[in-house]
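Read the structure below first, then the notes.
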Amino acid sequence: MTRLFVYLLASLLAACAQAEVSHPAFSLENVGDGIYVHHGAHLDIDTGYQGDICNTSFVVGSKGVAVIDTGGSLKVGQELRAAIRQITDKPILYVINTHVHPDHIYGNAAFLEDKPQFVGHAKLASAMQLRKEAYDKLNAQYLGNDAKGTVQVLPTLAVKEGVDLDLGDRTLRVVPYTVAHTNTDISVLDSKTATLFTGDLLFIERTPVVEGDIKGLISAIDTLKTYPAKQVVPGHGPVAKNWVQALDNEQRYLNAVLTDVRAAIKKGDSMEKTMGTAAASERDKWQLFDIANRRNVNTIFTALEWE
């Protein structure tokens with residue numbers, strides 16, 4: 000495992016940190032017609048990464064439940080499952096992971112007793128196994144006792160192309176992407192409510208994160224804009240009715256980073272200097288900007304040097 004990869008992973012966890020209460024200390028937002036969202040906190044490591052920083056959601060159909068992302072530890076997954084059980088006793092049929100990052104996948108083990116299909120991108124299993132050692136060490140470092148019992152649960156249903164998951168009175172359309180936020184991204188569209196779950200293809204309020212390919216992420220956003228959605232659940236941030244504007248905002252930031260890094264490379268500026276200057280016009284528009292933006296520049300600078 001390279002030092003650079005571990006640095007990027009640590010930075011990701013650092014950057015990646017009004018409701019109906021259905022479980023003590025674990026709030027749910029009812030966004031209508033059987034869809035519930037738990038919002039993770041906007042925390043970085045300095046203020047205490049606790050494994051609960053992303054949006055975790057579930058959809059209740061006539062036949063059963065689909066869970067979309069499970070949090071960063073067994074503890075968070077158990078809290079999510081307990082909250083689901085206060086809403087419905089229907090069987091949990093699917094657990095869907097939107098991508099490989101640990102804040103989205105490490106609650107999976109809480110659902111093993113339900114024997115669902117674990118659903119993910121066709122490249123998710125290999126990505127999880129490749130990163131297992133680093134993720135386990137970082138979870139132990141940051142979560143302490145809360146990391147106990149947290150294990151990887153690999154997908155049992157690998158999505159190579161669009162697939163429909165049947166919940167009875169509604170279907171979930173799962174679509175995989177090429178390299179974008181990561182190389183394991185999927186989105187989920189609910190047929191009944193036209194609710195689109197983007198995973199980390201979309202950040203709202205907090206600074207977007209690029210681990211995969213910034214140009215691929217900009218392209219994926221263009222694809223998301225074509226979907227017949229009425230509301231969007233991002234990977235981080237509030238549920239949005241004005242979801243196209245939210246996608247436009249993220250794309251504006253990404254284009255600013257891309258343009259400024261290219262210009263810096265052309266001028267011969269160093270990566271370190273560029274980390275402090277790229278996308279400066281966006282600084283006041285996003286939370287955790289200085290942490291995440293520096294990492295984004297670090298991720299894309301070398302790749303853009305070879306354009």
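Residue numbering for the sequence shown follows numbering that gives the first Met the number 0, starting at 0 and increasing by one per position.
C-beta atoms are modelled at their ideal positions from N, C-alpha and C, and glycine is treated no differently.
Handout entry: Beta carbon of I290 nearer than 7 Å to that of D43
Key = yes
Handout entry: Span of the beta strand (DSSP E) around H41
Key = Neither: H41 is in no beta strand (DSSP E) and is coded neither H nor E.
Exercise for the section: Pull up the distance between the alpha-carbon of S190 and that of R172, whole angstroms please. Expected result: 7 Å
Exercise for the section: Throw me the rounded Cβ distance for the E99 and T155 pair, which I believe falls under 8 Å. Expected result: According to the sequence displayed, residue 99 carries Val and not Glu. Going by Cβ atoms, the distance from V99 to T155 rounds to 16 Å, so no, they are not a contact pair.
Problem - Residue range of the alpha helix (DSSP H) that includes L257 - result: W242 to K266
Exercise for the section: Kindly identify the DSSP beta-bridge partner or partners of P175. Expected result: I185
Practice task
Can you say whether L253 is buried or exposed, counting buried as having 16 or more other CB atoms within 10 angstroms of its CB?
Solution key: buried
Problem - Collapsed DSSP secondary structure at L287 in the structure displayed - result: coil
Exercise for the section: For G198, name the three-state secondary structure that DSSP assigns. Expected result: strand
Practice task
Report yes if the CB atom of L178 is closer than 7 Å to the CB atom of G215, and no otherwise.
Solution key: The displayed chain sequence assigns Val, not Leu, to residue 178. For V178 and G215, yes; Cβs fall inside 7 Å.
Problem - Sheet register partners of Q230 (DSSP bridge) - result: T194
Handout entry: Beta-carbon contacts of I220 that lie in its chain and below 8 Å, excluding the five residues immediately before and after
Key = L200, L201, L246, E249, Q250 and L253
Practice task
Flag this pair as yes or no: are the beta carbons of T97 and I185 separated by less than 7 Å?
Solution key: yes
Practice task
Please state whether DSSP places I52 in a helix, a strand or coil.
Solution key: coil
Handout entry: Whole-angstrom distance between D88 and D113, CA atom to CA atom
Key = 11 Å
Exercise for the section: Report the three-state DSSP secondary structure of Y105 (helix, strand or coil). Expected result: coil
Exercise for the section: Pull up the distance between the alpha-carbon of G143 and that of K74, whole angstroms please. Expected result: 12 Å
Handout entry: Beta-bridge pairing of Y93 - partner residues as DSSP gives them
Key = A65 and Q116
Handout entry: Cβ neighbour criterion (16 or more within 10 Å) applied to G106
Key = buried
Practice task
Below 8 Å CB to CB, which residues in the same chain sit around N138 once its five sequence neighbours on both sides are set aside?
Solution key: G50, G71, S72, P101, Y105, A146 and T149
Practice task
Could you spell out where the alpha helix (DSSP H) holding E28 opens and where it closes?
Solution key: That residue, E28, is in no alpha helix (DSSP H); its beta strand (DSSP E) goes F25 to G31.
Handout entry: Alpha-carbon spacing of L308 relative to I95, whole angstroms
Key = Shown here, the chain extends from 0 to 306; a query on residue 308 therefore has no answer.
Exercise for the section: Figure out for me which residue from A65, G63, T69 and V64 has the closest Cα to the Cα of T55. Expected result: T69
Exercise for the section: Consult DSSP for A277 and reduce its assignment to one of helix, strand or coil. Expected result: coil
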